[in-house]
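Chemist: Can you keep this structure in mind? I'll have questions shortly.
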Amino acid sequence: DEARHLRRAADDHPLVGVVVRGNGLRGATSVFLQDTSLAIAIEATEAEPPAESGGRSKTPFDRVRLRVEVASDARTGRYPFRIVTPQGISNALVLDVSEHPVVAEPDGSHDDPETAIAVAGIPAVFAGRIARRGETDYYALEAKAGDTVTFEAISGLPSIGGPGGNAQGFDPQLQIFEQAGS
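Going letter by letter, the sequence shown gives residues 17 to 198 in this note's numbering.
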């Protein structure tokens, strides 16, 4: 979810916190993972406060807080895992391991150019959460003439047959604007 993109572990920061949200996860007991490049432990399970669920569901989502350790020799890429609960096993979830530092989306609204998130340098990887339907986040970066910059939006939702691995009905879009107008 919020931090599903992980940076390959450095010796001084081998652990990363991850939060998984969903239904039927309370009481999770373990994590099923086939690849030994990651070690995942459950730190806590809890009901998400209704205010954070945005009233989308009659029952609040469950949150599972995980502690992920990425081996220093882990390859970049996608690592599937499942959460084991008293109700059964979750659908496959994926953690992306990146060679670049991952920055959590800062708190607050970033829904217009004046509140854009400043990108200090490229390459950059941001992890965030679309909290409500139609939410927009702006990012501001400087690119020089001749620079090639690639953008990608990846959903943390499981694929339900939709193209690009995104859940059916979720279609992230990227738009690029020039500060002076274009």
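For every residue, glycine included, the Cβ atom is placed at its ideal position computed from N, Cα and C. All figures in this text were calculated on a predicted structure; none of them were measured in a lab.
1) So what does DSSP say about T101, is it helix, strand or coil?
2) Pull up the CB-CB distance for A143 and A120, whole angstroms please, since I reckon it's below 8 Å.
3) Have a look at S114, E115, P96, V113 and flag the residue whose alpha-carbon is nearest the alpha-carbon of N107.
4) Are the Cβ atoms of D127 and Y155 separated by less than 8 Å?
5) T61 by DSSP, collapsed to three states: which one?
6) Between the alpha carbons of T166 and V32, how many angstroms are there, rounded?
7) Go through its chain and collect everything with a Cβ distance to R81's Cβ below 7 Å, but skip five positions before and after it.
8) Sort D112, E62, Q103, R98 by Cα distance to V86 and report the nearest one.
9) Quick one: using the 10 Å Cβ neighbour count with 16 as the cut-off for buried, is L41 buried or exposed?
10) Would you list the residues sitting across from E85 in a DSSP beta bridge?
Modeler: Once the coordinates are examined:
1) Here residue 101 is taken as the residue at index 85 of the sequence shown, counted from 1. It is a strand residue.
2) Numbered from its first residue, the sequence shown carries residue 143 at position 127. Numbered from its first residue, the sequence shown carries residue 120 at position 104. About 6 Å separates the beta carbon of A143 from that of A120, a gap short enough to meet the 8 Å contact definition.
3) The residue labelled residue 107 in the question sits at position 91 within the sequence shown. For N107, the nearest C-alpha among the options comes from P96.
4) In the sequence shown, residue 127 corresponds to position 111, counting from 1. In the sequence shown, residue 155 corresponds to position 139, counting from 1. The Cβ atoms of D127 and Y155 do not sit closer than 8 Å to each other.
5) Translated into positions along the sequence shown, residue 61 becomes position 45. Looking at T61 - three-state DSSP - the assignment turns out to be strand.
6) Stepping through the sequence shown from its first residue, residue 166 is reached at position 150. Stepping through the sequence shown from its first residue, residue 32 is reached at position 16. T166 and V32: Cα-Cα distance of roughly 26 Å.
7) Residue 81 sits at position 65 when you count from the first residue of the sequence shown. If we look at R81 and ignore the five residues flanking it on each side, its Cβ neighbours are G33, V35, E59, A60.
8) Numbered from 1 along the sequence shown, position 70 holds the residue referred to as residue 86. The option with the nearest alpha carbon to V86 is D112.
9) Taking the sequence shown and counting its residues from 1, the one referred to as residue 41 is at position 25. When all chains shown are included, L41 counts as buried.
10) In the sequence shown, the residue the question calls residue 85 occupies position 69. Beta-bridge pairing links E85 to L31, A55.
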